[in-house]
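S.K.: With my numbering, the residue at position 128 of the sequence shown is 121, and numbering never jumps.
Glycine included, each C-beta is placed from N, C-alpha and C at the ideal position.
These figures come from a predicted structure and were not determined experimentally.
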Amino acid sequence: MTRVDNEICRRVEMMIRRKAFWSSEDLDEMSVEEMRQIIHELRWHQKVHDAELSAAQADLDAVLALAEANNQLAQQIEERKHVEQAIQVERNKFRSILDAMPDGVYIVNQQYDIEYTNPVVEKEFGQVNGRKCYAYLHDRTEICSWCKNQDVFSGKSVQWEWHSLKTGKIYHRIDTPLFNLSGTISKLQIFYDITNRKQAEKELREYEKQLRNLSYQLLTAQETERGRIARELHDELGGALAVLKLRIGFIEKNIQSDQTTIREECKQTRQYIDEIINNVHRLSRDLSPSILEDIGLTPALKWYIDNFARHYKVKVVADIEPIDNLIQKDHQIMVYRTVQEALTNIGKHAYANNIVIRVRIGGDSISFFVEDDGRGFDVETLSAIKSSEKGLGLASMKERAKMLGGSLHLSSEKGKGTRIGFSVPLTKGNIV
Ligand SMILES: Nc1ncnc2c1ncn2[C@@H]1O[C@H](COP(=O)(O)OP(=O)(O)OP(=O)(O)O)[C@@H](O)[C@H]1O
Ligand SMILES: [Mg+2]
């Protein structure tokens, strides 16, 4: 203390220590000037004390803030540990799932480094030994031209067929992005061997081709046979019936005029033979529509439809565009037969009052449509019946439509009639 003398200093310290101001002795001993100095000194002391106090308070606040921050950090670290543990558990689960998968699974980063392979991949392609994916899987020294990285790293999943030259097998492959915690993306690839399935599909396609070929030959043979029977019916039976009619006519003429009963019998027999001849001609035409060759597909269809309407006494609305010059000759019979079967089914099963038939030329195909308002049927029930136990009509219609390069669509419901449609593409095989 330099500003006051030692006596003042001593008194001030004493006062501070005993936390009390003047005693009665002090008042007796001290001058007013001394007291003023002591008060001044005490104020100065108080200021110093206050400043020290606020500094201590600030220090204390800083320490408390630090402790709080420390505490929060410790909590965060604890939470992060929990999250990391949870992530690790999930990762382990994910890895165990991938390890146990029967499909090949591997993960590649954007630098083509393999981050994970499951046992199936290793069994199929061996150990990775630090190789890049293109070297490991494809024995290449540079990235593959077919690599799906661009799509996958932009967030898309890609499915494709991979024919591996290394294993000689065909795989179905799914490449999908895997978003890492670090913010990077890896590529997860799953593949499974479809070589056998592909082979089976190829064989099936081959069988189908053979079957179609066989059906074609069968239907062609059927047409030839029908033609032969139709000709025999027409020429042999029709001819024999004509001779029989002539003979009965001859007998009729030579019967004595009084034998009226026999004469009448002959007349009726001749009329009956006429009926049989008409039926034989109809049968013969149905069996082999020579009319198709004589007058062409469109008139033949119209003729058949007219006859059908007359025979079954149903109302038919036919809207048929001329198509003769569009379909080649040997395919015309298939079209004719398909429409014929649709109508035969209506005649046999539908009990319809109205039929609508439309033949329209579209951009690149001709479409055929036959609809009746008959009793209809349940398509699903019919499909469930074994093919050996049901008719052949619908099946042969479908087969013919396929042979023509199109397909047949059928819809029917009990009590609500039946609709059948098929189209013939105007492609090289069909057109004239
Ligand atoms: N227009 C139709 N109206 C009602 N039922 C129909 C019609 N067309 C087909 N069906 C039903 O579908 C079944 C199968 O027809 P599909 O032509 O295949 O055989 P089918 O006529 O019985 O015999 P097939 O044609 O071999 O002489 C028929 O038995 C009939 O029950
Ligand atoms: Mg039928």
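1. Look at the Cβ atom of T96, then the Cβ atom of V113, and state whether they are nearer than 8 Å.
2. Please output, in chain order, the residues near ligand 2 using a CB cut-off of less than 5 Å to any non-hydrogen atom of the ligand.
3. From this set, S208, Y129, S147, which residue's C-alpha is nearest T160's C-alpha?
4. Which of the three DSSP states, helix, strand or coil, is assigned to L207?
5. Any idea which residues DSSP pairs R412 with across the strands?
6. Extract the residue ranges of the beta strand (DSSP E) inside the region 230 to 270, only unbroken runs of 3 or more that lie entirely within it.
7. Mind checking whether the beta-carbon of R478 lies closer than 7 Å to any heavy atom of ligand 1?
8. Given 8 Å as the limit, is there contact between the region 178 to 196 and the region 98 to 113, that is, 3 or more CB pairs closer than that?
9. Determine the burial state of R278: buried for a count of at least 16 other Cβ atoms within 10 Å of its Cβ, exposed for fewer.
10. Where do the N-terminal and C-terminal ends of the beta strand (DSSP E) with T134 fall, by residue?
11. Note down, in chain order, each residue of its chain lying with its Cβ closer than 7 Å to the Cβ of M(-6), except the 5 sequence neighbours on either side.
12. Apply the 10 Å Cβ neighbour rule to Q325 and answer buried if 16 or more other Cβ atoms are within range, or exposed otherwise.
13. For I359, which residues of its own chain have a beta-carbon under 6 Å away from its beta-carbon, when the five flanking residues on both sides are left out?
14. Between the Cα of E409 and the Cα atoms of N346, K383, A377, V352, which residue gives the shortest distance?
15. On the CB-based measure, 16 or more other CB atoms within 10 Å of its CB, does M327 come out buried or exposed?
16. Residues in the same chain with beta-carbon distance under 6 Å from E334, minus the five sequence neighbours each way, listed in chain order, please.
17. Taking the C-alpha atoms as reference points, what is the distance between E34 and A49?
18. Which residues mark the beginning and the end of the alpha helix (DSSP H) in which T331 is found?
19. On the premise that F415 lies in contact with F361, defined as a C-beta separation below 8 Å, what is that separation, rounded to the nearest angstrom?
20. Going by C-alpha distance, which of A388, N318, V307, H342 is nearest T331?
21. Is it buried or exposed, A394, if we count other Cβ atoms within 10 angstroms and call 16 or more buried?
22. Closer than 8 Å by C-beta to I241: which residues in its own chain qualify, once you throw out the five before and the five after it? Chain order, please.
23. Among the candidates A214, R198, H274, L174, whose CA atom is the shortest distance from the CA of A233?
24. Excluding five sequence neighbours on each side, which residues of the same chain lie with their C-beta closer than 6 Å to the C-beta of I378?
25. Please classify T213 as buried or exposed, where buried requires at least 16 neighbouring CB atoms within 10 angstroms.
26. Should K426 go down as buried or exposed, given a rule of 16 or more other Cβ atoms within 10 Å for buried?
27. Rounded to whole angstroms, how far is the Cβ of F184 from the Cβ of Y164, which I believe are closer than 8 Å?
28. Can you have a look at G399 and say buried or exposed, based on whether 16 or more other CB atoms are within 10 angstroms of its CB?
M.R.: Short version:
1. Within the sequence shown, residue 96 is the residue found at index 103, counting from 1. Within the sequence shown, residue 113 is the residue found at index 120, counting from 1. The question names Thr, but residue 96 is Asp in the sequence shown. In this structure, V113 lies closer than 8 Å to D96 by Cβ.
2. Look at which beta carbons fall closer than 5 Å to any heavy atom of ligand 2; those residues are N338, G384, G386.
3. Start at 1 with the first residue of the sequence shown, and residue 160 comes out as number 167. Checking every option, the nearest Cα to that of T160 belongs to Y129.
4. The sequence position of residue 207 within the sequence shown is 214, counting from 1. Three-state DSSP puts L207 in a helix.
5. For this step, residue 412 is matched to residue 419 along the sequence shown. Note: R412 sits in a beta bridge opposite E364, S404.
6. none
7. No information on residue 478 is available, as it lies outside the stretch -6 to 425 that the chain covers here.
8. yes
9. Here the question's residue 278 lines up with position 285 in the sequence shown. The residue in question, R278, is buried, as its Cβ has 16 or more Cβ neighbours within 10 Å.
10. The residue given as residue 134 occupies position 141 in the sequence shown. Premise fails: T134 is in no beta strand (DSSP E) and is neither H nor E.
11. For the purposes of this step, residue -6 is taken as residue 1 along the sequence shown, with counting starting at 1. Low local confidence applies: a pLDDT of 43 at M(-6) is under 50, so the model's placement there is unreliable, and no value is given.
12. Within the sequence shown, numbered from 1, the residue matching residue 325 stands at position 332. Its Cβ being crowded by 16 or more others within 10 Å, Q325 is buried.
13. Taking the sequence shown and counting its residues from 1, the one referred to as residue 359 is at position 366. I316, V417.
14. On the sequence shown, position 416 is the one that residue 409 refers to. Correcting the residue type first, residue 409 is Lys in the shown sequence and not Glu. Nearest option by C-alpha distance: N346.
15. Reading the sequence shown from its first residue, position 334 is the one you call residue 327. Answer is buried; the Cβ neighbour count reaches 16.
16. Taking the first residue of the sequence shown as position 1, residue 334 is located at position 341. So the qualifying residues of the chain are G386, M390.
17. The sequence position of residue 34 within the sequence shown is 41, counting from 1. The sequence position of residue 49 within the sequence shown is 56, counting from 1. Approximately 22 Å between the Cα atoms of the pair.
18. As a first step, residue 331 is located in the sequence shown; it is residue number 338 there, counting from the start. 322 to 338 is the span of the alpha helix (DSSP H), which, as asked, contains T331.
19. The residue given as residue 361 occupies position 368 in the sequence shown. The residue given as residue 415 occupies position 422 in the sequence shown. Contact holds; Cβ gap of about 5 Å.
20. The residue you call residue 331 lines up with position 338 of the sequence shown. It is A388 whose Cα lies nearest to the Cα of T331.
21. Taking the first residue of the sequence shown as 1, we reach residue 394 at position 401. Buried, because 16 or more other Cβ atoms sit within 10 Å of the Cβ of A394.
22. Taking the sequence shown and counting its residues from 1, one reaches residue 241 at position 248. Once the five neighbours on either side are set aside, the close Cβ partners of I241 are C259, T262, R263, I266.
23. Counted from its first residue, the sequence shown places residue 233 at position 240. Comparing Cα positions, the closest option is H274.
24. Along the sequence shown, one-based indexing puts residue 378 at 385. Same-chain partners within the cutoff: there are none.
25. Here residue 213 is taken as the residue at index 220 of the sequence shown, counted from 1. Exposed, by the Cβ-count rule.
26. Here the chain comprises residues numbered -6 to 425, so residue 426 is not present and cannot be evaluated.
27. Translated into the one-based positions of the sequence shown, residue 184 becomes position 191. Translated into the one-based positions of the sequence shown, residue 164 becomes position 171. At roughly 4 Å, the Cβ-Cβ gap stays under 8 Å, so F184 and Y164 are in contact.
28. As a working note, residue 399 is residue 406 in the sequence shown. G399 is buried by the Cβ-count criterion.
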